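Trainee: Numbering (our numbering), first residue to last: 209 to 962.
Even glycine gets a Cβ: it sits at the ideal position worked out from N, Cα and C.
As the structure is a prediction and not an experimental result, all values here were calculated from the model.
1) Classify residue 949 as helix, strand or coil using the three-state DSSP reduction.
2) Go ahead and label residue 909 buried or exposed: buried means 16 or more other beta carbons lie within 10 angstroms of its beta carbon, across all protein chains shown.
3) Apart from the five residues just before and just after residue 428, which ones in its own chain have a Cβ nearer than 8 Å to its Cβ?
4) Measuring CB to CB, does residue 584 end up less than 8 Å from residue 604?
5) Should the segment 461-472 be regarded as contacting the segment 602-622, the criterion being three or more beta carbon pairs within less than 8 Å?
6) Comparing alpha-carbon positions, which option in 700, 650 and 671 lies nearest residue 688?
7) Just the C-alpha distance for residue 362 and residue 948, rounded to the nearest angstrom, thanks.
8) If you run the structure through DSSP and keep just helix, strand and coil, what is residue 943?
9) Could you round the C-beta distance between residue 733 and residue 747 to whole angstroms and report it? I think they count as a contact, below 8 Å.
10) By the three-class DSSP mapping on this structure, what secondary structure does residue 934 have?
11) Should residue 694 go down as buried or exposed, given a rule of 16 or more other Cβ atoms within 10 Å for buried?
12) Under the three-state reduction of DSSP, which class applies to residue 654: helix, strand or coil?
13) Let's test the definition: count the other Cβ atoms within 10 Å of the Cβ of residue 578 and tell me whether it reaches 16, buried, or not, exposed.
14) Rounded to a whole number of angstroms, what is the C-alpha to C-alpha distance between residue 410 and residue 300?
15) List the endpoints of the continuous alpha helix (DSSP H) containing residue 380.
16) Give the single residue among 530, 472 and 403 whose Cα lies nearest to the Cα of residue 624.
17) What first and last residue would you give for the beta strand (DSSP E) that runs through residue 573?
18) Is it right to say residue 857 is buried, meaning 16 or more other beta carbons lie within 10 angstroms of its own, or is it exposed?
19) Evaluate residue 574 with the Cβ neighbour count: other Cβ atoms within 10 Å of its Cβ, from every protein chain shown; 16 or more gives buried, anything less gives exposed.
20) Could you give the DSSP three-state label for residue 331: helix, strand or coil?
21) Which word fits residue 736, buried or exposed, when buried means at least 16 other C-beta atoms lie within 10 angstroms of its C-beta?
22) Would you say the segment 699-708 touches the segment 645-658, given that touching needs at least three Cβ pairs under 8 Å?
23) Just verifying my parser: in three-state terms, what is the DSSP assignment at residue 957?
24) Can you grab the Cα-Cα spacing for the pair residue 586 / residue 712, in whole Å?
25) Look up residue 338 in the DSSP assignment and say whether it is helix, strand or coil.
26) Put residue 865 into one of helix, strand or coil per three-state DSSP.
27) Hey, quick one: how far does the alpha helix (DSSP H) through residue 408 stretch, first residue to last?
28) Which residue wins for smallest C-alpha separation from residue 389, given the options 864, 276, 352 and 621?
29) Sort out for me which residues DSSP pairs residue 743 with in a bridge.
30) Would the beta-carbon of residue 621 fall within 8 Å of that of residue 559?
31) Mind pulling the alpha helix (DSSP H) runs of 4 or more residues that sit fully within the segment 643-697?
32) Should residue 875 be labelled buried (16 or more other beta-carbon atoms within 10 Å of its own) or exposed?
33) Taking 8 Å as the threshold (C-beta atoms), are residue 365 and residue 309 in contact?
34) Hey, out of 721, 706 and 678, whose CA is closest to residue 697's CA?
35) Could you give the distance in angstroms between the alpha-carbon of residue 457 and the alpha-carbon of residue 347?
36) The beta strand (DSSP E) that contains residue 915, what's its start and end?
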């Protein structure tokens, strides 16, 4: 029997007008327990077109792609495709301006495009001296792209853009299944316009692939809760296992939430649920463990050294430097320690419950975080009386639980933490906002739902004002429309259930525009400027910058060692690390060790990126080759004379050169196209190669030049590490060659008595 409502009837149960279950259109008749939602699908008042009769001819593929599901309103699929198109165009805008972005990973991509062995292991150079300090899965899409299109910034960065578009599509699909296409569009838009997402989906760090895979995992678990099918849960396990090969243990942050939700909410017997979780765990182990097993069982003498480890072990890297060390700050070989637990402060910024809102992180991710928390609580409240297996509540728990787990771990991490890590939160946050807004909108006739919507709008407006006020020189007028517009919208939403459809819709639209105005401005600023180096931040100048190590940010936590006034930080020199040299917001070197544009109110350290092709010609601002912090955290300038020197007779050597620190080596490798050994890995602190092994390479004529400087003081000084020993031995025994602004040692020309 079909239930109908007229204008004099009491407001219907919101569930009556929720989107139909994706499987409802396949049923020939409703069961005895069918809700009004399913029964009303054929109602004369239902605006959705009827599904085609079984056996009817299918329309052409192009028409189906544009039209979408037959039961959807006609605007749904074009709006979804438009969202993806706009997202793609936004992220592609001036993409090549960043050059090779993070030259550390770009050099590994270059190596993997030249050597399948380097491809498999994630080596920094095609001669396979040492790997990056992560598993290689995030490199593989870029390396395949470079093999097809050649080495250039577009070939490296376009795969990241495609991952961003795909993540928006996955979040949309996950939200619309239970909450309708409008909710999916809101979620996708929020994700696309999150500043840190616009940053990392245009950058070549592993975080883009991780965010995509984590979104897919949440989608699959939510699907599994709907019908209890094993394939969805096993698929989620396989996806998380592969995500482990992108960024190791960070992929496991959401595992407790996902396992608990399925274990409690799945519509099958408990014994079957436990068995399915066991199968999903097995899929995870196989998906992520096969590569680990190969690396650990492969003879160490015939594979590259595992970068980031102190004993050439990927398991040590996983549970040490990339694992527990990130939580407690005790990362052996790191560039700096952390600072205690909750409420503590260290070189990587303040920890505590408010970390996601502080001056370093807030502008990257937190614009709609207060709204997401309010909507998550409200969504769980309105579904509190639902059955254990209610799929809508399970969706809130899947995406909301992932948001809370990840945010909690990030807030407590005492070890290495950068602002861009928060891109992992963006899909979860966007999904919760879309789901919560839709669930409460359907219930807006109730005072509780309308007040919750108003509270979300008010919190977003107030917090947007605060974030915009932190960068007073950037669009100073915008904070007022955000605040006033949000408050007016909140007032309208209070009376949304009584003021008529048009007024309610206008209030909701105004609230959405006010909520997205701030992050949209930051996102547009992000895509309009280049980002290079190891530590990058989204938004305009001054956003995400702290006041110095130990003070809530600074270089490790904030990405700007000088702070907003260009001051010299503690620690010696201008960089606070052995070797001196400042870092800027985008971590480029500065000419002659001077602070480019220093002290110009948030502009300190902004320098042009390393030129596409891996070299920065002499006319490009930048530091002396191999100099200080630029060689540690960002690419160095390689002038034409240095490039010509290293390229000459390079085919006669296994490595055209060796340099302390991976960024230092990467710059020369990208400039010349020849393998350059990164002594000591990323920081110059890994014990690879040993002095004896390096001396053997030199004796065998495998290395032509040694690049002076670089790494964490590995070139000169009192450091007794392996890289310092190698540098001292080279300086004492081989001829110094100065070319342009760079200094090299010719390892084929020993000094007298050397």
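Mentor: Put simply:
1) For residue 949, the secondary structure class from DSSP, reduced to helix, strand or coil, is coil.
2) Classification for residue 909: exposed.
3) Counting only Cβ-Cβ distances below 8 Å, and skipping sequence neighbours, we find 440, 441, 443, 444 and 447.
4) Closer than 8 Å, so yes.
5) Touching, per the Cβ criterion.
6) Across the set 700, 650 and 671, the C-alpha of 671 shows the shortest separation from the C-alpha of residue 688.
7) Taking the straight line from one Cα to the other gives about 30 Å.
8) Note: residue 943 maps to strand in three-state DSSP.
9) Yes, residue 733 and residue 747 are in contact; Cβ-Cβ is about 6 Å, under 8 Å.
10) Note: residue 934 maps to helix in three-state DSSP.
11) Buried is the call here.
12) Three-state result, residue 654: coil.
13) Result: buried.
14) Approximately 8 Å between the Cα atoms of the pair.
15) From DSSP, the alpha helix (DSSP H) with residue 380 extends over 361-387.
16) The shortest Cα separation from residue 624 among 530, 472 and 403 belongs to 530.
17) Per DSSP, residue 573 belongs to no beta strand (DSSP E); it is in the alpha helix (DSSP H), 570-573.
18) So residue 857 counts as exposed.
19) Buried: at least 16 other Cβ atoms inside 10 Å.
20) In the three-state DSSP reduction, residue 331 falls in the strand class (E or B).
21) It is exposed - the Cβ of residue 736 has fewer than 16 other Cβ atoms within 10 Å.
22) Counting Cβ pairs under 8 Å, three or more are found: they touch.
23) Three-state result, residue 957: strand.
24) Going by the C-alpha atoms only, they are around 19 Å apart.
25) In this structure, residue 338 counts as strand in the three-state DSSP scheme.
26) Under the three-state reduction of DSSP, residue 865 is assigned to strand.
27) Note, residue 408: alpha helix (DSSP H), 403-408.
28) It is 276 whose Cα lies nearest to the Cα of residue 389.
29) Its beta-bridge partners do not exist; DSSP assigns none.
30) Yes, the pair counts as a contact, with Cβ atoms nearer than the cut-off.
31) Here the runs fully enclosed are 655-677.
32) Burial call: buried.
33) Less than 8 Å divides the Cβ of residue 309 from the Cβ of residue 365.
34) If we check each option's Cα against that of residue 697, 721 comes out closest.
35) Cα-Cα distance, rounded: 17 Å.
36) Here the beta strand (DSSP E) through residue 915 covers 911-915.
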